[in-house]
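Residue numbers (our numbering), protein chains in the order written: chain B, 297 to 959; chain D, 3 to 87.
Single-structure report; data block below.
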Amino acid sequence: TTRTWDYLDISSYSPLNLLHDTHMGDGIIIGLLDTGVWPESVVFNDDGLEPIPARWKGHCESGQLFNGTTDCNRKLIGAKYFIDGFLAENNQPFNTTDNPDYMSPRDSFGHGTHTSTIAGGSFVANASYKGLALGTSRGGAPRARIAMYKVCWNVPQGQCSSADILKAFDEAIHDGVDVLSLSLGTQIPLFAEVDERDGIAIGSFHAVANGIPVVCAAANDGPAAQTVHNTAPWIITVAATTLDRSFPTPIMLGNNVTILGQAWYAGKEIGLTGLVYPENPGLRPALAGVCESLSFNHTSVDGKVVLCFTTVTRRSAVSSAVSAVRAAGGVGLIVAKNPGHVMGPCGDDFPCVVVDYELGTQILFYIRSARSPTVTISPSKTLVGKPASTKVATFSSRGPSSITPAILKPDIAAPGVSLLAASSPLDTFMNGGFALHSGTSMAAPVISGIIALLKAKHPNWSPAAIRSAIVTTAWKTDPFGEPIFAEGSPRKLADPFDFGGGLVNPNRASKPGLVYDMDTDDYVHYLCAVGYNDSAISKLVRQGIACPSAKPSVLDVNVPSITIPNLRNSATLTRRVTNVGPPNSTYKALVESPFGITITVTPNILVFHSTAQEISYQVRVSTSHQVNTGYYFGSLTWTDGVHNVTIPISARTQILQNYADEN
Amino acid sequence: SAESRVHIVYMGERQHNDPKLITKFHHDLLATIVGSKEAAVDSMVYSYRHGFSGFAAKLTQSQAQQISELPEVVHVIPNRFHSLQ
Chain B
297 TTRTWDYLDI
307 SSYSPLNLLH
317 DTHMGDGIII
327 GLLDTGVWPE
337 SVVFNDDGLE
347 PIPARWKGHC
357 ESGQLFNGTT
367 DCNRKLIGAK
377 YFIDGFLAEN
387 NQPFNTTDNP
397 DYMSPRDSFG
407 HGTHTSTIAG
417 GSFVANASYK
427 GLALGTSRGG
437 APRARIAMYK
447 VCWNVPQGQC
457 SSADILKAFD
467 EAIHDGVDVL
477 SLSLGTQIPL
487 FAEVDERDGI
497 AIGSFHAVAN
507 GIPVVCAAAN
517 DGPAAQTVHN
527 TAPWIITVAA
537 TTLDRSFPTP
547 IMLGNNVTIL
557 GQAWYAGKEI
567 GLTGLVYPEN
577 PGLRPALAGV
587 CESLSFNHTS
597 VDGKVVLCFT
607 TVTRRSAVSS
617 AVSAVRAAGG
627 VGLIVAKNPG
637 HVMGPCGDDF
647 PCVVVDYELG
657 TQILFYIRSA
667 RSPTVTISPS
677 KTLVGKPAST
687 KVATFSSRGP
697 SSITPAILKP
707 DIAAPGVSLL
717 AASSPLDTFM
727 NGGFALHSGT
737 SMAAPVISGI
747 IALLKAKHPN
757 WSPAAIRSAI
767 VTTAWKTDPF
777 GEPIFAEGSP
787 RKLADPFDFG
797 GGLVNPNRAS
807 KPGLVYDMDT
817 DDYVHYLCAV
827 GYNDSAISKL
837 VRQGIACPSA
847 KPSVLDVNVP
857 SITIPNLRNS
867 ATLTRRVTNV
877 GPPNSTYKAL
887 VESPFGITIT
897 VTPNILVFHS
907 TAQEISYQVR
917 VSTSHQVNTG
927 YYFGSLTWTD
937 GVHNVTIPIS
947 ARTQILQNYA
957 DEN
Chain D
3 SAESRVHIVY
13 MGERQHNDPK
23 LITKFHHDLL
33 ATIVGSKEAA
43 VDSMVYSYRH
53 GFSGFAAKLT
63 QSQAQQISEL
73 PEVVHVIPNR
83 FHSLQ
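In structure tokens:
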């Protein structure tokens with residue numbers, strides 16, 4: 297949060313942007329379902345805030361080490377905790393000795409404090425993690441109010457019961473939050489929306505029906521395809537990108553070659569030290585140098601820096617290597633691995649520096665060629681701006697949706713790698729009140745903060761209109777015009793299954809020109825299209841619903857994207873746009889067709905005037921491919937010369953349908 | 003199968019605007035399955051009554067099956083856990 301908002305062009309120093317247009321989100325209430333808050337954190341200061349909005353019906357609940365009267369203020373206006381579902385499921389009291397936590401809204405994990413800072417934290421100057429990422433921390437909507445609904449408890453990974461989550465939704469709708477932010481996921485395979493066992497799809501349906509946008513993390517199961525969670529069409533699903541910021545850490549080899557690794561190392565320079573790579577004699581020498589199973593039987597590492605290699609992109613391999621090297625008396629670690637975007641400190645100022653395989657191999661060749669290889673490791677620095685580039689994070693879950701591939705997910709991307717925000721003192725990554733964390737958990741509240749600003753500017757926009765505004769105006773490149781890559785093996789240019797509409801562009805989202813709006817009828821259309829029965833849908837919306845005898849097409853659901861997972865010959869689909877710009881406007885269609893696909897838009901000019909503010913159009917999509925293909929990507933843009941309203945198009949030809957393509 | 007586990011009894015949009023009436027309705031409905039008002043109060047974990055209608059309760063598998071067959075009920079779903087991302 298010391299870089300995110302400048303990077304997204306809503307700097308507090310610039311007088312002309314969405315932040316200032318909306319008085320920084322003043323009056324908007326952001327609800328979060330998370331691990332609670334650390335109320336003493338300086339990010340919850342309420343300096344200069346007006347009284348709590350009169351419409352607010354929530355409150356702060358007292359509990360263990362949390363005084364509902366004194367721990368809340370004009371910034372933190374709601375704090376409740378929900379544990380009955382968690383306890384009832386486990387049939388035993390929560391053991392807070394083994395898992396330190398508080399029977400109150402107080403956060404031990406730090407996760408909820410972190411996400412709420414990102415969404416709506418107040419200004420805090422000189423925030424950093426041990427001097428790294430130094431700057432002014434703030435939320436996306438720094439004058440918005442925060443309401444925390446603690447539903448996750450400090451057991452490994454943080455566990456949140458769906459019974460508790462649903463109760464939090466129920467209360468948040470009653471209390472009057474304006475946007476809800478959930479940084480939670482479940483396990484794959486997923487359950488269908490209305491039958492879903494997680495509560496989020498059901499709770500969010502009712503929140504959205506009450507005009508409350510619900511923002512969810514896409515989850516951290518990437519970079520594999522079809523891993524995105526929280527895929528219901530009424531949810532705004534968020535992928536994670538990197539910032540234009542990194543933490544280069546110089547590794548100077550004894551041959552005077554300097555390599556810039558990445559680390560959060562804030563200790564002293566490790567001066568001219570022996571450098572080793574553990575190798576066994578025999579046929580498989582490299583086995584000893586695998587980070588997660590280091591073996592020092594044939595290598596002395598005492599007082600030296602160790603190089604290891606791993607194919608594991610997650611943090612676990614680094615953690616286990618650090619333990620092994622420290623236990624053997626090593627003074628530093630260099631890890632060669634593919635990028636995972638899950639950096640972390642390695643204990644008390646122990647240097648563990650990550651490099652890629654190419655640079656790791658260069659270091660290895662130096663070790664093998666030198667009689668007494670040496671290295672110097674310097675403290676990490678903070679690099680902001682060029683040449684640090686934007687990438688979709690390795691861990692960020694990818695589309696298409698495994699439940700309904702015709703509904704594009706994720707919807708949008710936002711920074712979610714190494715974000716500095718407040719945390720709990722019990723967070724082992726925290727220093728001086730702040731911690732750097734990564735995950736789609738961090739990307740989701742970036743969007744929630746931006747939605748708070750959009751709600752302040754356009755209080756009458758529906759959740760779907762807000763989603764449409766951010767999707768159709770998103771950057772397809774980084775804010776400086778450079779391409780966004782999607783991390784994985786191999787790294788490739790990002791496509792809609794990596795980042796939905798693209799990287800969120802808050803200023804343009806405030807003036808989208810046209811929106812693809814949806815209301816309950818559209819969601820009923822979706823539920824009929826995907827096969828839910830009349831009775832279930834009728835109870836869901838408390839109206840008599842009879843799905844048409846000719847099942848509606850899911851391709852016609854009015855989402856701001858077109859995704860056709862099974863195109864055979866041709867398909868025709870309908871979309872409806874609503875003018876939210878000047879009443880008299882004329883828009884022209886610009887099509888970028890996916891490879892081998894022909895797109896025809898009818899009409900290709902839309903004329904809006906005072907009595908026609910909503911217009912439907914049809915899109916005919918036909919394929920020239922004669923084999924089952926993968927997805928090809930394109931776009932459809934409506935432009936009036938001022939606004940460019942772009943939706944992504946993804947089409948996969950399936951001559952042979954429902955066919956597992958693994959020949 | 004006689005072990006009680008938390009289930010969510012989901013009933014869709016609210017039938018009334020009065021939250022107290024909704025909770026009373028939930029207790030009455032649950033009582034028809036678990037045998038008494040007292041047992042219903044004991045087994046209920048939450049009554050969802052503001053944004054939508056439903057409740058969470060500790061139910062055996064057969065009780066969950068019975069309650070899912072009531073006309074007011076959309077679905078009965080087992081409780082499940084989420085994790086932080």
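Glycine residues also receive a C-beta, built at the ideal position from the N, C-alpha and C atoms.
Since the model is a prediction, treat every value here as computed from it, not as a measurement.
Look at residue i and residue j and say whether their C-beta atoms are less than 8 Å apart.
{"i": "residue 58 of chain D", "j": "residue 48 of chain D", "result": "yes"}
{"i": "residue 46 of chain D", "j": "residue 32 of chain D", "result": "yes"}
{"i": "residue 800 of chain B", "j": "residue 762 of chain B", "result": "no"}
{"i": "residue 709 of chain B", "j": "residue 796 of chain B", "result": "yes"}
{"i": "residue 741 of chain B", "j": "residue 411 of chain B", "result": "yes"}
{"i": "residue 693 of chain B", "j": "residue 736 of chain B", "result": "yes"}
{"i": "residue 480 of chain B", "j": "residue 17 of chain D", "result": "no"}
{"i": "residue 395 of chain B", "j": "residue 451 of chain B", "result": "yes"}
{"i": "residue 907 of chain B", "j": "residue 717 of chain B", "result": "no"}
{"i": "residue 375 of chain B", "j": "residue 477 of chain B", "result": "no"}
{"i": "residue 599 of chain B", "j": "residue 621 of chain B", "result": "no"}
{"i": "residue 890 of chain B", "j": "residue 792 of chain B", "result": "no"}
{"i": "residue 703 of chain B", "j": "residue 527 of chain B", "result": "yes"}
{"i": "residue 548 of chain B", "j": "residue 713 of chain B", "result": "no"}
{"i": "residue 461 of chain B", "j": "residue 28 of chain D", "result": "no"}
Spatial neighbours of residue i within its chain, please: CB distance less than 7 Å, with the 5 preceding and 5 following residues excluded, ordered by chain position.
{"i": "residue 822 of chain B", "result": "529, 850 and 853"}
{"i": "residue 950 of chain B", "result": "862, 863, 864 and 924"}
{"i": "residue 820 of chain B", "result": "833, 837 and 841"}
Tell me which residues share the same chain as residue i and place their Cβ nearer than 6 Å to its Cβ, disregarding the 5 neighbours each side in the sequence.
{"i": "residue 896 of chain B", "result": "916"}
{"i": "residue 624 of chain B", "result": "592 and 597"}
{"i": "residue 338 of chain B", "result": "420"}
Taking only the alpha-carbon atoms, compute the straight-line gap between residue i and residue j and give it to the nearest angstrom.
{"i": "residue 900 of chain B", "j": "residue 302 of chain B", "result": "37 Å"}
{"i": "residue 847 of chain B", "j": "residue 427 of chain B", "result": "59 Å"}
{"i": "residue 517 of chain B", "j": "residue 34 of chain D", "result": "43 Å"}
{"i": "residue 3 of chain D", "j": "residue 78 of chain D", "result": "Residue placement at residue 3 of chain D cannot be trusted, given a pLDDT of 45 that sits under 50; the coordinates are not used to answer."}
{"i": "residue 790 of chain B", "j": "residue 514 of chain B", "result": "16 Å"}
{"i": "residue 590 of chain B", "j": "residue 613 of chain B", "result": "10 Å"}
{"i": "residue 364 of chain B", "j": "residue 333 of chain B", "result": "12 Å"}
{"i": "residue 7 of chain D", "j": "residue 561 of chain B", "result": "47 Å"}
{"i": "residue 831 of chain B", "j": "residue 814 of chain B", "result": "22 Å"}
{"i": "residue 928 of chain B", "j": "residue 860 of chain B", "result": "10 Å"}
{"i": "residue 729 of chain B", "j": "residue 701 of chain B", "result": "42 Å"}
{"i": "residue 658 of chain B", "j": "residue 525 of chain B", "result": "39 Å"}
{"i": "residue 469 of chain B", "j": "residue 785 of chain B", "result": "42 Å"}
{"i": "residue 20 of chain D", "j": "residue 26 of chain D", "result": "10 Å"}
{"i": "residue 61 of chain D", "j": "residue 829 of chain B", "result": "25 Å"}
{"i": "residue 313 of chain B", "j": "residue 362 of chain B", "result": "37 Å"}
{"i": "residue 782 of chain B", "j": "residue 5 of chain D", "result": "47 Å"}
{"i": "residue 882 of chain B", "j": "residue 872 of chain B", "result": "15 Å"}
{"i": "residue 385 of chain B", "j": "residue 611 of chain B", "result": "30 Å"}
Please confirm whether residue i has its beta-carbon closer than 8 Å to some beta-carbon of chain E.
{"i": "residue 362 of chain B", "result": "Protein chains in the displayed structure are B and D, and chain E is not among them."}
By Cβ distance, which residues of its chain are closer than 8 Å to residue i, with the 5 residues on each side in sequence left out?
{"i": "residue 15 of chain D", "result": "54 and 55"}
{"i": "residue 957 of chain B", "result": "924"}
{"i": "residue 357 of chain B", "result": "364, 375, 376, 377, 400 and 401"}
{"i": "residue 348 of chain B", "result": "370, 373 and 441"}
{"i": "residue 81 of chain D", "result": "7, 8, 9, 10 and 58"}
{"i": "residue 397 of chain B", "result": "390, 404, 405, 449 and 450"}
Hey, is residue i close to the ligand COA, as in C-beta under 7 Å from one of its heavy atoms?
{"i": "residue 750 of chain B", "result": "As far as ligands go, the structure on display features none, and thus does not contain the ligand COA."}
Report, in whole angstroms, the separation of the C-beta atoms of residue i and residue j, which I expect to be a contact under 8 Å.
{"i": "residue 407 of chain B", "j": "residue 331 of chain B", "result": "4 Å"}
{"i": "residue 1015 of chain B", "j": "residue 370 of chain B", "result": "Any question about residue 1015 of chain B goes unanswered here, given that chain B covers just 297 to 959."}
{"i": "residue 586 of chain B", "j": "residue 747 of chain B", "result": "Not quite, the Cβ-Cβ distance comes to about 44 Å (not below 8 Å), so this is no contact."}
{"i": "residue 802 of chain B", "j": "residue 886 of chain B", "result": "24 Å between Cβ atoms; not a contact."}
{"i": "residue 876 of chain B", "j": "residue 809 of chain B", "result": "7 Å"}
Touching by the beta-carbon criterion (3+ pairs, under 8 Å), the segment 640 to 653 of chain B and the segment 568 to 586 of chain B: no
Within 8 Å, do at least three Cβ pairs link the segment 603 to 620 of chain B to the segment 572 to 590 of chain B? yes
Check whether the segment 627 to 641 of chain B touches the segment 686 to 700 of chain B, taking contact to mean three or more Cβ pairs, one atom from each stretch, closer than 8 Å. yes
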